[in-house]
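This report concerns only the one structure given below.
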Amino acid sequence: MVISVASGKGGTGKTTVAVNLALSLDNVQLLDCDVEEPNSHIFIKPVFKSKSKVFIPIPVVDKTKCDGCGRCQEVCIYNAVAIAGKKVLIFPELCHGCGSCTYFCPHDAIKEENEEIGVVEAGEKSSIQFIHGKLNIGKMMAPPVIRAVKKHINKKKTVIIDAPPGTSCPVITAIKGTDFVILVTEPTPFGLNDLMLAVEVVRKLKIPFGVIVNRSDLGNKKTDDYCAREHISILMKIPFSKKIAGIYSRGDSIVEAMPEYREKFRELFEKIKQNKDESSAK
Amino acid sequence: MKQIVIISGKGGTGKTVIAGAFAALARDKVMADCDVDAADLHLLLGSTIKKTYVFKSGFTAFTHRDRCEGCGVCRTACRFEAVRENFSIDPISCEGCAFCSFICPRQAIEMKANISGKWFISETRFGPLVHARLGIAEENSGKLVALVRQKAEEIAAEKNCRWIIIDGSPGIGCPVIASITGTDCAVIVIEPTLSGLHDARRVIDVAGHFNVPVRVIINKYDLNCDMTEKIEHWFKDKNIKILGKVGFSKAVVRSVVEGKTIIEYSENKVTRTLRSIWRLIEEEL
Amino acid sequence: MKIAISSSGMTLESDVDPRFGRCPYYIIYETENDSFEPVENKSGQAAGGAGIQAAQMISSMKVESVISGNIGPNAFRVLSAASVKIYSGATGSIKNAVEKFKKGEYKQTGGPDVGSHFGMGRG
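The structure is reproduced here in structure tokens:
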């Protein structure tokens, strides 16, 4: 089963949930898909065993075959191909790697070459297989790096995906095709506002989901009311605790410092298995 | 007129609460919420939307079934798995590259202009706020953020404002870049955690790349004083100025729940620290 | 000869706009007979590649020189490929800029003077 952990708002506790859930189960893969700012490795402290670069195909023009006809520029929606002074200029940072210009060149003058945009690193810690992706600074496109991380999914294991925050396309890329989404929120107006956006996304993708309320005693009841109204299952509530905040700030895991939480995360997993079958997606 | 942007690299550090506090403390200002993916600043400022605009960016493919003959060339061409088995288009996966549209022998695929979001001009307790909401699964290229910045600048010029206070985007990509460029100062809000420091470093690189001066606020510092000290040393080494340390306070959560900035909600250590931070900013700029 | 100046408005009294790719207008000025026309910059709202699109449009108008406040690396690359001369660092009114140009007071720019995305924060 592949479980993704997401949230509309950043800082609600996505990584905390993903990491501690992974540490509480057996036969687990943890994939950190927050490629702009991956930080699950800080808590898992895996021993990294492999590193591979992520490339996107960028068109390159063979000047000997090009006659400046401009067909490539016509088919590029992103302004990544320009014609000036009968020369073709490619702008890799705008290129989405769609392949149009390469295909439509009447003189076969364009071919695709690899440009590095990030890295994927894989490693282990006890029985957890750990993989994360990092987008290189200055590079614009997260989804190809996220897809590269997800290529490591081994369905024979319980796979947990730490998704990026928000609702835009990196998040979609991370949670698409997963079996269940845990939405982590906090019971404040900010948390609720962003939870509603995240619920919209997950419903559009038709994936079963449930909610975890973090720092559950700091805020108001509106999140509970919203979930009840929308028939959304609240899988777990984690109260605020300075102890937990301290553990997190040091880069330690809750389940190691407070073993009673291991049982709670195992129960969470059982609930998810049940929920996935009943399905709260509408 | 000075522009100040509040960013954090990582989400949830207190960026919006601090932006709200600055909005309450500054005089003659316009606010801009550039976190278009998950905009929250309006919740603190008591805002009423005055104008709504539609934001169009890019295209989404659409198959006209009556013209489609099922040859499947579109499905082979599409690299984003957006063409379904029945040759209709999955709008969530579609990246609008138009390859399918160009290649279709029957011209059965139309590229429709995409409404990727909405942007708003609102009136708040503290003055005008420009904010936006990006649609679901839309590419956050920074264009909508750039638009929010531009509109905020126009209003500030019209009203002769002294400040534009910008609640920035999390992360390090285009939306953050569009939040940061051309500002007079980027204030990075960081929590005393390993992840916070890790992520702040990446965003500081971005700010440096665009020549925007950086200042730091350590938020909820008393949740881990050791880490706070480590962070202070780290920034001193890099010659990056720390404007102040704000303590953890449940009153902050209560103020958010009530839809108020912390400055209005109570007078305590937190507000005193924020006031002195704002004074420092005013002096510097 | 034709020159293009990035402009905040449609007349000679308008200010030179500091951003080549995302300015609202260009003033296309013919120095032979001192006629001019304002041209709307449709690239200003492009998601990415505003400078690229704008530079292509300007080069297709057979403009010999471009005057602006700042030119980013993408626009610079396109204009150079089209052999358009580039003069940056201009400020003040369009009228003023034209006079300075005619007197030869502007020096050609050797490279882009701002990083990419410079104009993005300001729309």
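Chains as they are written, first to last, in the working numbering: chain A, 996 to 1277; chain B, 6 to 290; chain C, 1072 to 1194.
Don't be surprised by glycine CBs; every beta carbon is placed ideally from N, CA and C.
Out of the options, state which residue places its alpha-carbon closest to the alpha-carbon of residue i.
i, options, result
"E1069 (chain A)", "A:I1148, A:V1083 and A:K1058", "A:V1083"
"I1126 (chain A)", "A:G1133, A:K1134 and A:V1115", "A:V1115"
"S1002 (chain A)", "A:K1134, A:N1188 and A:T1153", "A:N1188"
"I1165 (chain C)", "C:M1072, C:K1073 and C:D1088", "C:D1088"
"I141 (chain B)", "A:K1151, A:F1099, A:I1167 and A:D1157", "A:I1167"
"K1152 (chain A)", "A:T1010, A:I1229, A:L1020 and A:V1000", "A:L1020"
"I1074 (chain C)", "C:P1183, C:G1181 and C:K1171", "C:K1171"
"E1135 (chain C)", "C:G1181, C:L1083, C:C1094 and C:Y1100", "C:Y1100"
"E90 (chain B)", "B:C102, B:G75 and B:Q112", "B:G75"
"P1054 (chain A)", "A:F1086, A:L1200 and A:D1027", "A:F1086"
"N1112 (chain C)", "C:N1104, C:K1178, C:M1081 and C:E1103", "C:M1081"
"S1085 (chain C)", "C:G1175, C:K1173 and C:A1168", "C:A1168"
"K164 (chain B)", "B:G17, B:T57, B:F60 and B:R32", "B:R32"
"A1075 (chain A)", "A:D1027, A:V1000 and A:C1090", "A:C1090"
"K243 (chain B)", "B:S121, B:R220 and B:V135", "B:R220"
"L139 (chain B)", "B:D38, B:I282 and B:K20", "B:D38"
"L134 (chain B)", "B:A28, B:C73, B:H214 and B:S174", "B:A28"
"K1178 (chain C)", "C:S1151, C:P1144 and C:I1138", "C:I1138"
"S271 (chain B)", "B:W283, B:K255 and B:I54", "B:K255"
"E1119 (chain A)", "A:F1043, A:M1135, A:L1263 and A:A1193", "A:F1043"
Measure how close the beta-carbons of residue i and residue j come, nearest whole angstrom, since I'm counting them as under 8 Å.
i, j, result
"A1146 (chain C)", "A1125 (chain C)", "6 Å"
"I12 (chain B)", "V181 (chain B)", "6 Å"
"V262 (chain B)", "G1008 (chain A)", "About 18 Å separates the two Cβ atoms, so there is no contact after all."
"F1036 (chain A)", "C1061 (chain A)", "Before going further, note that residue 1036 (chain A) is His rather than Phe in the sequence given. So it is not a contact: roughly 45 Å between Cβ atoms."
"T1173 (chain A)", "I1141 (chain A)", "So it is not a contact: roughly 12 Å between Cβ atoms."
"D204 (chain B)", "K15 (chain B)", "4 Å"
"N145 (chain B)", "S1122 (chain A)", "36 Å between Cβ atoms; not a contact."
"S1130 (chain C)", "V1155 (chain C)", "6 Å"
Does the Cβ-Cβ distance between residue i and residue j come in under 8 Å?
i, j, result
"N10 (chain B)", "V153 (chain B)", "Here residue 10 (chain B) turns out to be Val, not Asn, going by the sequence shown. No."
"V1149 (chain C)", "A1104 (chain A)", "no"
"N1209 (chain A)", "E1181 (chain A)", "yes"
"G147 (chain B)", "Q8 (chain B)", "no"
"I1132 (chain A)", "F1050 (chain A)", "no"
"F131 (chain B)", "M36 (chain B)", "yes"
"T266 (chain B)", "K250 (chain B)", "no"
"I1155 (chain A)", "A1013 (chain A)", "yes"
"M116 (chain B)", "S106 (chain B)", "yes"
"I1249 (chain A)", "T1011 (chain A)", "yes"
"M6 (chain B)", "C166 (chain B)", "yes"
"V217 (chain B)", "I185 (chain B)", "yes"
"I236 (chain B)", "L202 (chain B)", "yes"
"R1224 (chain A)", "N229 (chain B)", "no"
"I268 (chain B)", "L30 (chain B)", "yes"
"S1078 (chain C)", "F1091 (chain C)", "no"
"T1162 (chain C)", "G1182 (chain C)", "no"
"V22 (chain B)", "V257 (chain B)", "yes"
"I170 (chain B)", "A24 (chain B)", "yes"
"V1179 (chain A)", "V1000 (chain A)", "yes"
Excluding sequence positions up to five away, which residues of its chain have a Cβ less than 8 Å from the Cβ of residue i?
i, result
"M1191 (chain A)", "G1003 and Y1221"
"K1277 (chain A)", "Summary for K1277 (chain A): the model assigns pLDDT 45, below 50, so the residue's position carries little reliability; its value from the coordinates is reported in the next sentence. If we look at K1277 (chain A) and ignore the five residues flanking it on each side, its Cβ neighbours are R1198 and H1226."
"E86 (chain B)", "D95 and S98"
"E1161 (chain A)", "As written in the sequence, residue 1161 (chain A) is Gly, which differs from the Glu given in the question. So the qualifying residues of the chain are G1003 and G1005."
"D1247 (chain A)", "F1038"
"N1270 (chain A)", "F1175, P1203, G1205, S1228 and L1230"
"R1261 (chain A)", "S1019 and L1020"
What does a CB cutoff of less than 7 Å around residue i pick up in its chain, not counting 5 residues either side in sequence?
i, result
"E1031 (chain A)", "L1130, A1137 and P1159"
"C1071 (chain A)", "S1095 and C1096"
"G1194 (chain C)", "In this prediction, G1194 (chain C) scores a pLDDT of 31, lower than 50, which makes its location untrustworthy; the coordinate-derived value is nonetheless stated afterwards. For G1194 (chain C), where only same-chain residues beyond five positions count, the Cβ hits under 7 Å are R1093."
"A264 (chain B)", "It should be pointed out that residue 264 (chain B) corresponds to Gly in this sequence rather than to Ala. Correct list, in chain order: L48, L49 and G51."
"A1143 (chain A)", "V1049, V1115 and G1128"
"S1106 (chain C)", "none"
"V59 (chain B)", "I120 and K123"
"T57 (chain B)", "K123 and F125"
"E1110 (chain A)", "F1050, I1051, I1053 and P1087"
Any heavy atom of the ligand GTP closer than 7 Å to the Cβ of residue i?
i, result
"V1155 (chain C)", "No copy of the ligand GTP occurs in the structure displayed, which carries no ligand at all."
Can you list, in chain order, the residues of its chain with a C-beta nearer than 6 Å to that of residue i? Leave out the 5 residues immediately preceding and following it.
i, result
"F1235 (chain A)", "R1210, D1212 and L1213"
"G1192 (chain C)", "Note on G1192 (chain C): pLDDT 46, under 50, position unreliable in the model; the coordinate value appears next. Excluding residues within five positions, none has a Cβ falling inside 6 Å."
"A183 (chain B)", "G147, V150 and A151"
"G63 (chain B)", "G101 and N119"
The region 221-229 of chain B contacting the region 189-205 of chain B, beta-carbon criterion three pairs below 8 Å:
yes
Determine, using beta-carbon pairs with one atom in the region 1091-1107 of chain A and one in the region 82-102 of chain B, whether at least three such pairs fall under 8 Å.
yes
Quick check: the region 67-76 of chain B against the region 90-98 of chain B, are there 3 or more CB pairs under 8 Å?
yes
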